[in-house]
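The next block holds one structure in the form of structure tokens; read it before the comments.
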Amino acid sequence: MITFLIVAGLLVAGALLMVVPPLLGRGRDASVTPAAADAEQAATAMLVLREQLADLDAERAAGGVDDATYARSRDELERRALDEGKVMAPGASARPARVWAVLVGLGVPVMAAMIYLSVGTPDALDPQKVAGQQTFSPEQIREMVGTLEARLEKEPDNVEGWAMLARSWLVLEDYPEASKAYARLAELIPDNADVVADWADVVATKNGSIVGEAEALVARALEIDPNHVKSLALAGTAAYQRGDFAAAATLWERILSRVPPGQEIEGQLRDSINDARGRAGMPALAASAGQQMPPVQAVANGEGAADSVLKIAGRLDVAPALRDQVLADDTVFVFVRGGAGGPPIAALRFKGSELPLDFTFDGVPRMSGNAPLPEKLALAVRVSKSGDVMAKPGDLEGRIDGLSADASGVALTIEKVRE
1 MITFLIVAGL LVAGALLMVV PPLLGRGRDA SVTPAAADAE QAATAMLVLR EQLADLDAER
61 AAGGVDDATY ARSRDELERR ALDEGKVMAP GASARPARVW AVLVGLGVPV MAAMIYLSVG
121 TPDALDPQKV AGQQTFSPEQ IREMVGTLEA RLEKEPDNVE GWAMLARSWL VLEDYPEASK
181 AYARLAELIP DNADVVADWA DVVATKNGSI VGEAEALVAR ALEIDPNHVK SLALAGTAAY
241 QRGDFAAAAT LWERILSRVP PGQEIEGQLR DSINDARGRA GMPALAASAG QQMPPVQAVA
301 NGEGAADSVL KIAGRLDVAP ALRDQVLADD TVFVFVRGGA GGPPIAALRF KGSELPLDFT
361 FDGVPRMSGN APLPEKLALA VRVSKSGDVM AKPGDLEGRI DGLSADASGV ALTIEKVRE
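When the count follows our numbering, it moves up by one through the sequence shown with no breaks and lands on 419 for the last residue.
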């Protein structure tokens, strides 16, 4: 079991190092619309939550936790995710839709465990038989996916197999393929709201927006189960992004009615609901017993945030020796991490054609929510030739360590080739 957890944990850690979804970005030119930025940041929150849940789901699949322990642990992840996930509407702060991050991830299925299942034998889930396994490289995971696909060619109606395949593609962050797998899974079990909501989640990430195709899937999930929590959250977020704040508040209030009074998640959810109600000209909900609600306007203005504010700003350029290697369509990721490493705290996304450019993290939602920032931070840049969020040999990189959260005038240079 220990080795299993280590493997799963390393997979999650490795994925989190690159959790910057397509279309992510702030600080770019004025042609990027606020609505596009909203969708990009929501996609980031979805990916972060998905990776946080993977470890817990893997342990449950391996038989390491019972249903009661799993439920309690998942509730804690939901609470943490409320602090981390933020969906920002035009002109709004990062705070309004924190409910997005926690509840879009409800029901997001097992990822790490799927890797074990996909090798083609149920014994792979036996914790006694996985002892001694090492971490998997992306190439190994893709090989396992190939094995699973071959299996599904022979067993096209294997529900568990299609679920494994969909989740495997999520591990690899290949959202178009994951969407195809979920589409097939939904054909096999059309009345499963969890499957349809997860499909909507993937489509929203693939498209960079919950509005449109993903929203139609959410409506389908709610037809199956009108009280499906994840679907209510997604539907509320879609309404919020369209500017229909009254509808967003109403949908999220249906979730609130299912939360036991006194839980911390209740207060976080009320914050998001009251922000939507305030924007719709509606009165704030009354605070529950023992809870002191901040004024709605204060929430809308982003007040009450942590004292530690990320404001790193500077200029990104390419070393002369590498300028010819940066193409106009290359994807450029800029990350802030803790000085000791770990997952990104915040991230920006640009195109190679925009270089050189000025950037700032002021106002960019943090993946760690309002958690205190480390005293020293690292700033890194990566030019992806494939556009994939996972680093590959041949990518161009640069890094600066020892920065404070309010460092300005930072000169970040793309100066080496990843081997």
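Ideal Cβ positions, reconstructed from N, Cα and C, are used throughout, including at glycine.
7 Å Cβ shell around residue i - same chain, five flanking residues per side excluded
i	result
A181	W162, L165, A166, W169
L148	S118, G161, M164, L165, S168
G146	none
F359	G27, A313, G314, L316, V334, L348
L152	N158, G161, W162, L165
V417	G394, L396
E213	V203, N207
V195	Y182, L185, A186, I189
A411	G314, R315
V211	A238, Q241, R242
R220	V196
Cβ distance (whole Å) where residue i is taken to contact residue j below 8 Å
i	j	result
D317	L355	7 Å
A200	L222	With 8 Å as the limit, A200 and L222 do not qualify as a contact, their Cβ atoms being about 10 Å apart.
R366	A346	5 Å
V383	V336	Wrong, their Cβ atoms sit about 17 Å apart, outside the cutoff.
K311	F245	Not confirmed; about 29 Å, so no contact.
Residue burial classification, residue i (beta-carbon count within 10 angstroms, cutoff 16)
i	result
A276	buried
Q241	buried
E215	buried
S408	exposed
R349	buried
A150	exposed
K206	buried
D329	exposed
A193	buried
G281	exposed
R157	Looking at the sequence shown, residue 157 is not Arg but Asp. Exposed.
S386	exposed
S404	exposed
A321	exposed
P372	exposed
D324	exposed
E177	buried
P344	buried
A378	buried
Residues of its chain near residue i, where Cβ-Cβ distance is below 6 Å and the 5 sequence neighbours each way are ignored
i	result
L357	L316
L256	L269
L327	G352
G402	K376
R254	L232
G236	A248, L251, W252
Q140	none
Y175	V202, T205, K206
A239	A247, A248
E415	A319, G398
G338	P374
D406	K311
8 Å CB neighbourhood of residue i in its chain, flanking five on each side removed
i	result
A191	Contrary to the premise, residue 191 reads as Asp rather than Ala in this sequence. Contacts found: I224.
R142	L172
S179	W199, V202, V203, K206
N441	As displayed, the chain neither begins before 1 nor continues past 419, which places residue 441 out of reach and without an answer.
Tell me the start and end of each unbroken beta strand (DSSP E) in the segment 350–418 that is at least 3 residues and wholly inside, in chain order. 357–360, 377–384, 396–403, 410–414
Complete runs of the alpha helix (DSSP H) confined to the segment 202–261 [at least 4 residues]: Annotation: the segment 202–261 contains the following complete segments of the alpha helix (DSSP H) (minimum length 4 residues), in chain order: 213–224, 229–242, 245–256.
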